[in-house]
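Residue numbers (the working numbering), protein chains in the order written: chain A, 5 to 434; chain B, 5 to 434; chain C, 5 to 434; chain D, 5 to 434.
Built from N, CA and C at the ideal position, the CB exists for glycine as well.
Computed from a predicted model, the values in this text were never measured in an experiment.
Some notes on the structure that comes next.
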């Protein structure tokens with residue numbers, strides 16, 4: 005019905021934007037055809053140009069058309085599936101794959117052939133993700149685009165580059181724009197973060213040579229830090245990196261909204277840890293200093309007696325500290341959402357095979373830090389020799405590998421809770 | 005049966021090579037699992053290492069396993085297709101795509117994450133293509149790998165580079181190794197082909213920075229050549245390229261057996277023509293000097309009276325010349341194999357939108373030239389403004405766009421033939 | 005006497021710094037000897053290291069020693085000169101040159117062999133120039149060092165590089181530090197100066213790859229500007245450089261105190277004008293927008309009736325404007341100091357062969373602009389075809405080539421002056 | 005007289021070439037003047053262009069003019085020297101230096117400002133050195149040019165680059181052209197010399213980025229070699245460089261005739277030894293395998309009884325071997341020419357501070373090897389810790405530092421000689 009109505013309206017009341025979008029859709033169909041194979045570069049260039057000239061309404065209309073008109077034909081699919089079921093031959097498998105792949109995928113592949121095509125597809129997906137909030141049916145388009153991008157941004161095609169003060173300003177400027185964890189207050193602040201006792205590494209893709217896709221900031225220090233302020237201080241003395249014993253990953257930021265859901269952080273941290281280890285043999289510990297973004301809302305819900313009303317200031321008495329640390333330990337090690345840790349940062353590092361090492365009271369006393377986690381932060385430790393085993397524990401046994409101290413704290417939290425924990429699993433001291 | 009027998013034999017008599025291949029297959033399954041997502045880089049590195057240590061028999065066994073055990077499950081596919089047929093929802097489409105994609109694809113994607121992964125996959129496909137000659141069932145593996153490689157080696161990811169005498173010797177050496185059309189007899193010969201009145205361009209992929217994937221050799225000359233010898237002469241004077249009026253594409257070579265069927269030639273020729281046009285505004289004509297590889301066998305079959313016995317020397321009388329040129333024109337413009345020109349070189353250039361311009365008697369008097377085409381070669385002309393229209397004619401109307409002279413020659417051939425032509429279409433003077 | 009006293013004091017009361025300086029001087033003598041030839045790299049590295057560890061007093065003492073002990077021997081020089089006068093043979097000339105060249109030159113050459121040697125010599129000269137203010141006898145050291153640096157920083161060894169937003173931040177930071185004409189207020193201001201309708205070029209020397217030696221900032225605009233504010237506005241729209249008709253050199257800055265007196269500005273402006281002309285054929289005019297730094301002090305001295313007391317505000321009435329413009333024209337075209345124009349900026353551009361084109365009232369209303377030149381600025385025009393002829397006029401005939409309007413203004417100034425002009429030459433309309 | 009006659013002939017019978025050369029000489033005078041300062045780049049470009057168009061006779065005439073007309077004025081020199089002798093003031097020293105420096109030097113500096121100027125000056129000197137064989141008076145021109153080039157090609161301005169198979173072919177081709185010690189028979193031979201157990205390093209100057217100025221070839225082997233054949237074998241297996249214990253400098257070649265007398269070999273060998281030592285810590289010995297070019301002619305003259313007639317074949321008996329090795333040891337350690345070793349290769353390595361280690365019988369059985377040194381070669385060892393001490397011994401005490409075995413051999417040679425040795429010094433076992 006929606007379709008029919010749309011078409012009827014279309015013939016009378018389409019706007020100029022919509023007509024532009026439909027003309028582009030026709031060209032895209034052509035681009036994905038055999039003719040596109042021969043004149044692909046020219047047609048792709050034109051299509052990318054036309055897309056760039058669509059206004060917002062035109063782009064939204066194009067997404068609609070892509071979702072509606074470029075999916076596989078259910079009848080063809082069923083016939084091909086039946087044939088494959090009857091005889092799982094190579095020919096039947098090829099036919100099945102051909103009719104099952106939406107034409108959209110080939111369209112995106114061919115648009116990518118134009119200069120600037122990859123950047124355009126990332127911009128398109130950024131807008132598509134936003135449009136999906138209004139129109140969930142667009143998910144079929146996103147599914148195809150995400151599938152392609154995950155394949156194209158394969159780790160094997162990414163280049164790890166060190167970012168320092170000799171990096172072009174155009175790239176450094178992007179770090180300032182994108183940094184999500186600890187805001188960079190202009191070039192002088194950034195310069196301190198790129199001195200020789202700090203490091204910054206990013207993944208780049210050859211098709212976007214000036215765009216850091218994800219970057220990690222590292223401080224080379226004497227010992228695992230319990231406080232982020234000294235790391236961010238812009239006036240601190242620059243230390244000799246050869247003497248550092250601990251590499252702290254204090255910020256990791258993905259930059260491309262158009263790559264949402266395609267994760268490189270895991271590869272980045274491990275590669276950087278390996279490379280730093282080779283360059284600076286005195287480094288013994290690779291750890292993060294990480295926020296606990298979901299702690300306070302959870303604690304106020306699950307242990308209201310301890311955690312206080314959500315609009316009060318942070319509790320500060322010594323008793324309070326013990327209780328809140330215990331709750332943090334419990335939250336991080338025993339609260340799950342399906343097969344994943346409840347806290348999103350914990351989920352990332354534990355899923356990567358890190359060990360939960362230490363809770364740091366008063367580590368981030370900014371208002372954001374107080375509001376998230378009563379000012380606490382945690383260290384996750386990457387022990388490259390143990391990463392696989394830890395990951396196994398986490399994925400296969402739903403055990404969070406943690407230090408003995410955290411395990412003890414977590415056990416102390418049980419009496420404080422208003423209900424039984426969601427996870428039957430105990431954390432595993434590692 | 006084959007399968008069952010294989011498994012029975014397997015349990016008793018598997019060789020060490022086969023056991024290695026099966027261990028690797030198990031690891032590949034693991035690599036494609038969720039665990040592979042977290043520890044992917046490490047597992048991929050190991051898998052690539054293991055593959056490198058398999059002997060030929062082990063590799064063949066691995067291909068068997070990949071073909072046999074990693075295809076989609078027909079029952080799951082049928083159920084998903086039925087659900088999609090019943091309700092073409094986003095969720096059902098996602099499920100359909102998930103169960104239809106063979107696990108092999110994800111395996112190959114993850115192997116690619118290791119350093120050297122892309123090169124390894126090209127080597128694997130080279131061997132797979134060879135193994136397919138003995139065991140056509142392996143085509144299902146090739147289908148998946150070819151699909152991925154076509155996506156990864158998308159034009160948008162290729163870099164066009166000029167090759168000249170300042171190019172690293174390691175790359176130049178590869179030109180000597182790969183050149184398929186006109187053999188390069190060592191570095192001094194190559195040097196002449198890279199002087200300023202000659203050009204060489206190649207596509208590179210960022211994951212294989214030292215491997216030219218395809219390269220084209222161009223001579224910048226006064227007029228469309230009718231003879232290849234002056235172009236290849238190593239002692240010729242170097243001319244001023246600013247004065248040249250014609251760019252001759254005299255050789256185009258694909259280098260990677262592992263990329264068979266994934267064509268870049270079309271993009272390469274057009275991009276090079278555009279770039280040369282911008283650099284050297286005096287260039288008016290972009291043409292090839294191409295062989296006619298299938299002419300003589302065809303002529304001996306179709307016009308035995310003219311063409312003579314296959315083991316005789318080339319005919320040389322003036323009458324012969326006219327007759328043979330007519331046959332060549334007919335063969336190139338009116339002989340089809342399905343929707344494609346019969347001659348493979350014609351198929352490539354006509355499919356790209358080139359125009360068939362001129363037949364050159366005595367253009368290649370090497371024994372190979374005589375054996376293929378009585379020593380004739382042809383010029384295809386790339387007129388960038390007409391390429392799309394020519395391509396349309398060729399693809400949609402099965403018309404070969406050619407010069408009036410060739411059209412006339414082709415018509416003169418009809419009485420010489422032993423039978424009616426296969427194509428109802430007449431060539432179209434363009 | 006000074007010397008003798010110094011030596012006496014030396015034997016009793018030399019400080020530790022002085023003793024370090026003297027040890028270094030001994031090593032420098034060794035470095036310049038035959039032994040230095042064989043072990044030069046090692047000895048040079050040590051000498052550069054020792055110099056780096058001298059404190060200010062030690063460095064001053066070293067300069068003293070270099071001035072005192074490393075000059076040619078007057079007796080040897082006289083003998084060699086007499087021999088050359090008697091017989092101007094090759095051998096006598098070689099001997100003369102050998103004994104005339106101070107050992108300091110060879111010392112500096114050999115220090116340059118160490119890594120970082122060139123940068124060290126520039127730092128040494130910077131300090132030497134400062135020390136010369138207290139002790140003019142050090143000029144003999146400077147003479148040798150300046151001679152060497154002028155030879156080493158020969159135009160043929162400099163590399164012209166465009167500076168833009170893709171330039172490393174470490175280099176951009178130096179532009180901010182060094183810019184002397186129109187202060188750059190941080191990276192955002194700099195970014196506007198590097199957009200595509202602005203250009204920045206610098207000379208670099210291979211031994212100092214991260215140090216711009218001199219840089220020029222250019223605005224690409226519609227017409228010769230009469231006001232610097234629009235050029236420096238950070239919020240202005242970015243224009244299409246292909247449409248610009250005028251390239252304005254609005255700032256040129258030398259960065260290295262250690263290269264004082266070694267001029268590259270002449271080469272830089274002409275090379276940039278040539279390159280821009282080739283890139284942007286629509287550019288018709290290459291002009292500066294320049295300050296008149298010495299105008300106001302001169303006018304207050306020479307035409308006190310017009311120019312007013314030095315501490316009053318700028319005169320603003322229309323009569324005043326005419327009179328002050330006339331004085332500016334007179335000052336720039338007819339006031340000389342020896343064989344050079346009196347105004348230092350005029351001296352630079354006229355010496356380069358530029359033409360004085362236009363006086364711009366109210367072009368720089370900053371307090372500095374008012375204090376220097378009543379807010380006026382001037383345009384010098386570089387017409388590459390006329391540069392040599394203009395230069396000839398200036399150097400050989402002491403004529404300033406200027407526009408007719410300026411010539412007329414200058415003549416109008418004569419009655420305003422308190423005395424007869426210093427120069428008999430009239431400006432030459434060009 | 006020669007001058008006067010030349011001028012008389014000049015006015016009547018100068019050839020066109022000579023007139024071109026004289027016009028150029030006039031322009032060079034202009035270039036070196038104040039006008040050249042302002043319009044230097046343009047004038048220099050023209051001068052370099054004119055020089056390029058002179059024929060051989062014109063160039064020879066230009067050299068004559070440069071020698072004759074651009075030397076310092078003896079009267080001015082004498083006056084300045086007298087003034088300096090009377091009062092060694094800074095001003096008098098500056099005046100002395102100004103009148104003593106030939107105008108030629110400034111001319112060469114200004115020609116260098118043109119694009120390609122440095123290369124042109126090297127070509128000019130190459131021809132000048134050849135012309136000097138006919139006309140020794142040209143040495144005054146060479147003296148100035150050599151002085152400048154030595155200053156410009158200062159070690160501090162040279163860049164050490166590794167040459168390998170990824171180096172541009174245009175540079176590799178030059179190695180083949182220039183290699184003087186062991187001829188490179190085409191690219192395949194060169195490729196073997198660039199595998200990972202071989203190394204090649206060269207110095208480059210920024211003004212000649214494609215010209216290796218000097219290059220050294222190194223083999224990484226198990227032990228100090230006594231035979232050059234295995235090193236040059238093109239079919240040998242490539243070894244793991246990490247296991248090598250000895251780096252053999254088996255060939256060192258200067259490429260630029262225009263830099264004759266300006267030595268970089270000393271710096272190159274030591275820098276390469278340092279760098280290899282840092283990269284490959286297992287390397288314990290840095291040694292050469294060097295020819296003894298002057299041995300046989302010397303031996304036939306000094307010990308005719310042993311050495312045989314010069315046109316006979318090489319002696320081969322065991323007695324002969326002992327006697328010839330003794331003569332070689334004597335020749336290398338005790339035969340001097342002034343303050344230098346008589347043998348040119350010994351002079352180079354001993355002057356660099358190497359130790360003479362071992363005589364290798366039958367090390368080079370090529371006809372050249374037999375003719376030079378009865379097929380013997382020697383190892384010089386570079387022990388970086390001892391280089392300075394060895395050099396001191398050689399330069400200050402005229403002692404050749406050598407192994408005990410060589411010392412013993414040298415002593416055994418004395419009875420074989422027809423006369424008393426020229427050197428009173430005994431070699432010093434080191």
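Rounded distance between the beta-carbons of residue j and residue i, thought under 8 Å
i: residue 221(D); j: residue 197(D); result: 6 Å
i: residue 82(B); j: residue 123(A); result: Not quite, the Cβ-Cβ distance comes to about 40 Å (not below 8 Å), so this is no contact.
i: residue 203(B); j: residue 166(B); result: 7 Å
i: residue 179(A); j: residue 194(A); result: 6 Å
Minimum Cβ-Cβ distance from residue i to chain A less than 8 Å
i: residue 191(C); result: yes
i: residue 121(B); result: yes
i: residue 216(B); result: no
i: residue 302(C); result: no
CB contact below 8 Å: residue i versus chain D
i: residue 160(C); result: yes
i: residue 74(C); result: no
Residue i at chain C interface by Cβ criterion, 8 Å
i: residue 19(D); result: no
Straight-line gap, residue i to residue j (C-alpha atoms, nearest Å)
i: residue 99(D); j: residue 117(C); result: 29 Å
i: residue 157(D); j: residue 127(D); result: 15 Å
i: residue 376(A); j: residue 335(A); result: 13 Å
i: residue 295(A); j: residue 46(B); result: 28 Å
i: residue 131(D); j: residue 262(D); result: 8 Å
Interface flag, residue i vs chain B, CB-CB below 8 Å
i: residue 340(D); result: no
i: residue 246(A); result: no
i: residue 206(D); result: no
i: residue 172(D); result: yes
i: residue 45(A); result: yes
First and last residue of the uninterrupted beta strand (DSSP E) at residue i
i: residue 221(C); result: 218-225
i: residue 402(D); result: Unbroken run through residue 402(D): none, as it is neither H nor E.
Segment limits, alpha helix (DSSP H) that includes residue i
i: residue 170(C); result: No alpha helix (DSSP H) holds residue 170(C); DSSP gives it neither H nor E.
Exercise. Looking at chain C, which residues of the segment 175-188 of chain A have a Cβ within less than 7 Å of any of its Cβ atoms?
Worked result: 176
For this session: Compile a chain-ordered list of the residues in the segment 99-113 of chain C whose CB is closer than 7 Å to at least one CB of chain D.
Result: 100, 101, 104, 113
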